[in-house]
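Here's the structure, in structure tokens; my notes come after.
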Amino acid sequence: MDPSPFILDGGLATELEASGFQLQGDPLWSARILHANPQAIKDVHYRYLQSGSDVITTATYQASIEGFVKYLDLRPEEAQQMIMSGVQLAKETVREFMSSTVSENRREPVVAGSVGPYGAFLHDGSEYTGAYEEKMTVEELKDWHRPQIQCLVKAGADLVAMETIPGLKEAEALVEVLREFPEAKAWLSFSCKVTDTLHYMLCYLMANFIHKTLATVYAHELDIAINAVRVFQDIHNISSGRRFSEAVQVACRSSQLVAVGVNCCPAPLVKPLLESAKSHKKADLGWVVYPNSGEEWDPKTGWKTKKQTSFAKLSLDWKDQGALWIGGCCRVGPADITELKEQLHV
Numbered sequence: 001m002d003p004s005p006f007i008l009d010g011g012l013a014t015e016l017e018a019s020g021f022q023l024q025g026d027p028l029w030s031a032r033i034l035h036a037n038p039q040a041i042k043d044v045h046y047r048y049l050q051s052g053s054d055v056i057t058t059a060t061y062q063a064s065i066e067g068f069v070k071y072l073d074l075r076p077e078e079a080q081q082m083i084m085s086g087v088q089l090a091k092e093t094v095r096e097f098m099s100s101t102v103s104e105n106r107r108e109p110v111v112a113g114s115v116g117p118y119g120a121f122l123h124d125g126s127e128y129t130g131a132y133e134e135k136m137t138v139e140e141l142k143d144w145h146r147p148q149i150q151c152l153v154k155a156g157a158d159l160v161a162m163e164t165i166p167g168l169k170e171a172e173a174l175v176e177v178l179r180e181f182p183e184a185k186a187w188l189s190f191s192c193k194v195t196d197t198l199h200y201m202l203c204y205l206m207a208n209f210i211h212k213t214l215a216t217v218y219a220h221e222l223d224i225a226i227n228a229v230r231v232f233q234d235i236h237n238i239s240s241g242r243r244f245s246e247a248v249q250v251a252c253r254s255s256q257l258v259a260v261g262v263n264c265c266p267a268p269l270v271k272p273l274l275e276s277a278k279s280h281k282k283a284d285l286g287w288v289v290y291p292n293s294g295e296e297w298d299p300k301t302g303w304k305t306k307k308q309t310s311f312a313k314l315s316l317d318w319k320d321q322g323a324l325w326i327g328g329c330c331r332v333g334p335a336d337i338t339e340l341k342e343q344l345h346v
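In case it helps, full-length UniProt numbering puts the sequence shown at residues 1 to 346.
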């Protein structure tokens with residue numbers, strides 16, 4: 001394997017929203033656009049390829065057979081084709097991009113089929129708590145994930161991106177399902193623990209600085225800000241409360257994983273999390289990291305566009321720690337990926 005990191009893409013939903021799509025509150029999130037406007041998905045993929053991404057992630061994070069049947073009124077076989085189309089769109093875009101690229105040093109981009117947690121289907125925020133794990137068995141979680149993974153593998157995804165996983169039980173289920181597809185390779189990435197004490201403190205401050213009407217209007221953004229600040233306080237645990245080091249040990253049981261790591265967390269959290277689990281990771285298993293942008297919520301002006309710490313500069317630490325797959329998640333766009341690639345000199 002090339003020792004220089006593979007550059008992932010950034011937030012797909014971020015770019016779709018920047019293009020005018022309204023995704024907030026949609027139970028299918030960006031997966032709906034697979035059905036509504038597939039060309040828009042390709043356009044976003046293309047922009048990330050232009051920015052330097054070596055890995056394009058499919059628009060299937062919140063896609064499921066059950067979800068497409070329920071919210072798009074598709075038949076199960078049509079829902080399967082819709083999930084597979086996410087891979088096909090990404091691969092088509094890669095082919096089109098490479099046919100117009102003359103650089104001899106350009107890596108052949110790969111397509112990662114996104115598999116979100118069961119909580120993403122529930123659409124209740126539990127992908128950041130893992131609360132549903134208490135009511136489900138490993139077998140039930142395997143039964144849930146199997147159809148989606150089967151579609152992605154059948155469609156020809158180069159990798160399966162099992163991402164934003166909140167708990168160990170779901171991670172175990174995913175690793176076991178992956179064994180049913182012995183030719184498939186994947187990475188396993190976790191969401192991280194939040195701290196309730198700071199959560200309530202932030203709510204209190206917001207209640208004093210923001211008029212109640214504005215708080216209602218910006219309720220979703222406030223929720224995102226609360227989660228982001230809460231996550232920053234815990235440098236050891238995944239969302240369910242278990243140690244990240246335990247999650248890494250689950251990943252080490254699989255010979256099909258190319259990497260384990262974290263995503264959808266503040267960028268400054270990545271380094272201490274990796275440090276906390278480095279002694280538990282196998283030497284031949286890489287780190288994958290793709291945190292959020294690091295923007296902060298200002299109660300008077302909203303999201304601050306100026307990052308507290310340069311996302312790209314922090315990536316040098318991740319590379320030094322052995323991260324082989326580096327990119328971005330929420331609110332990370334093509335410009336950030338370009339900066340990331342330049343910073344890492346790849």
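Heads up, the beta-carbon is just placed ideally off N, CA and C, and yes, glycines get one too.
| Query | Result |
| --- | --- |
| Determine the DSSP secondary structure at residue 315, reduced to helix, strand or coil. | helix |
| Please say whether residue 112 and residue 57 have beta carbons closer to each other than 8 Å? | yes |
| Once you ignore the five residues that flank residue 107 on each side, which residues in its own chain have a CB closer than 6 Å to its CB? | 54 |
| Under 8 Å by Cβ, that's how I've got residue 324 and residue 259 pegged, so tell me the actual separation to the nearest angstrom. | 6 Å |
| Give the DSSP-derived three-state secondary structure of residue 397 in the structure shown. | Nothing can be reported for residue 397: it is not among the residues displayed for the chain, which extend from 1 to 346. |
| Considering only residues of the same chain and omitting the five flanking positions on each side of residue 173, which have a CB-CB separation below 7 Å? | 138, 141, 142 and 145 |
| Does the Cβ-Cβ distance between residue 115 and residue 65 come in under 8 Å? | no |
| Let me make sure I understand the geometry here. Which of 330, 326 and 331 has the alpha-carbon closest to that of residue 342? | 326 |
| Evaluate contact between the region 60-74 and the region 10-29, counting only Cβ atoms and requiring at least three cross-stretch pairs below 8 Å. | yes |
| Does the region 94-103 touch the region 329-346, meaning 3 or more C-beta pairs lie closer than 8 Å? | no |
| Can you find at least 3 beta carbon pairs, one from the region 6-18 and one from the region 32-50, that sit closer than 8 Å? | yes |
| What residue does the beta strand (DSSP E) around residue 19 start on, and which one ends it? | Looking at the DSSP string, residue 19 is not in any beta strand (DSSP E), and its letter there is neither H nor E. |
| Here's the rule: buried if 16 or more other CB atoms are within 10 angstroms of the residue's CB, otherwise exposed. What is residue 133? | buried |
| First and last residue of the alpha helix (DSSP H) that includes residue 168? | 168-179 |
| Taking only runs of the beta strand (DSSP E) that begin and end inside the region 40-106, which ones reach a length of at least 3 residues, in chain order? | 55-57 |
| Counting only runs of 4+ residues fully inside the region 248-278, write out the alpha helix (DSSP H) ranges in chain order. | 267-277 |
| Please look up how many angstroms separate the CB atoms of residue 189 and residue 170, rounded, as I've assumed it's under 8 Å. | About 12 Å; that fails the 8 Å criterion. |
| Heavy atom of the ligand ATP less than 7 Å from the Cβ of residue 177, yes or no? | With respect to the ligand ATP, the structure offers nothing, as it holds no ligand at all. |
| Spell out a yes or no on whether the region 234-247 and the region 176-186 are touching, meaning 3 or more CB-CB pairs, one atom from each, closer than 8 Å. | no |
| Would you mind reading off the limits of the alpha helix (DSSP H) that contains residue 29? | Element bounds for residue 29: n/a, residue is neither H nor E. |
| For residue 269, is the classification buried or exposed, using 16 other Cβ atoms within 10 angstroms of its Cβ as the cut-off for buried? | buried |
| For residue 326, which of helix, strand or coil comes out of DSSP? | strand |
| Alpha carbon to alpha carbon, what distance is there between residue 69 and residue 262? | 30 Å |
| Classify residue 281: buried if its beta carbon has 16 or more other beta carbons within 10 angstroms, exposed otherwise. | buried |
| Strictly by DSSP, which residues pair up with residue 192? | 238 |
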